[in-house]
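Under the working numbering, the letters of the sequence shown match residues 1240 to 1378, in that order.
All C-beta atoms in this analysis are idealised placements derived from N, C-alpha and C, irrespective of residue type, glycine included.
Computed from a predicted model, the values in this text were never measured in an experiment.
Written below as C-alpha cells is the structure these notes are about.
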Amino acid sequence: DTTMADKESVLPLLQAAHQEPIVALELPDDDEITAVEEAIYVQIRGDYRDFLLNASDLVIGTLEPATISDPSSHTHLPELACQAWDQGLSRELLPICQTPYGYYCLDMEFQVIELKNGATEPGSWPNIWSWAADMWLDS
C-alpha cells in the first residue's frame, strides 16, 4: 500500500512540477471553501481542505484535480460533484478529480480511491497528499 505523505513533503514537489497555464488559477480562501461546502452539503476538512488552500492553483501533467475559485471552470468542485452524483456515484464519495474513465474520490475516511467505469479499482491512497505524490505528479 502507498505510504502516508504530508503537505510538507509533497507540496514543494508539486510546486516544482507546476506548468504555467495560459490563464492562472487562483487559490481559494476559507470563505470560498465554506460556500462550496454549503452548496454541496459536504464538509471539506483536514488534508483535503489544506490541499485546496495550498495546491489547487497548480497545473501538473494530464490530471486536473477539482478547484474552488472559478465557478466557470470545468474543474469547479460543485459542478464536478453534482455531475458525478447524477451519474450514480455514491453520495458517500466526493469526486476530487475526473479521469477519462471515471473519478478519483475521497471516501468517508478521507482516503483516495479510484473508480473506473463505475467500479472501484483495487488499492487506495491514505490521503490526498499521498495521491498527489503518487498519481498527479506522474500524470
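Selected residue, minimal CA-CA separation from residue i, among the options
i     : options                    : result
I1299 : G1341, T1273, L1253        : L1253
L1354 : A1372, S1369, W1324, D1269 : W1324
C1336 : E1277, Y1280, L1319, Q1350 : L1319
L1291 : S1312, D1269, W1370        : D1269
L1266 : D1309, H1257, Q1326        : D1309
M1347 : G1357, A1371, V1281, L1316 : V1281
L1297 : V1249, M1374, Q1258, H1313 : Q1258
A1358 : L1376, S1378, Q1350, G1327 : G1327
S1312 : D1377, A1372, A1263        : A1263
Per DSSP, cross-strand counterpart(s) of residue i
i     : result
Q1337 : E1303, Y1342
V1351 : L1345, W1364
H1313 : According to DSSP, H1313 bridges with nothing at all.
Cβ-based burial, residue i [other Cβ within 10 Å; buried from 16]
i     : result
M1243 : exposed
V1275 : buried
Y1342 : buried
S1295 : buried
V1351 : buried
A1255 : exposed
L1261 : According to the sequence shown, residue 1261 is Ile rather than Leu. Exposed.
Under the three-state DSSP convention, the category residue i falls into
i     : result
A1358 : strand
E1265 : coil
E1259 : coil
G1285 : helix
E1318 : helix
D1373 : helix
Inset, instruction - Take every Cβ of the stretch 1359-1373, pair it with every Cβ of the stretch 1276-1289, and state whether three or more of those distances are shorter than 8 Å. - result: yes
Legend entry - Cβ pair count under 8 Å reaching 3, the stretch 1300-1317 against the stretch 1332-1348: yes
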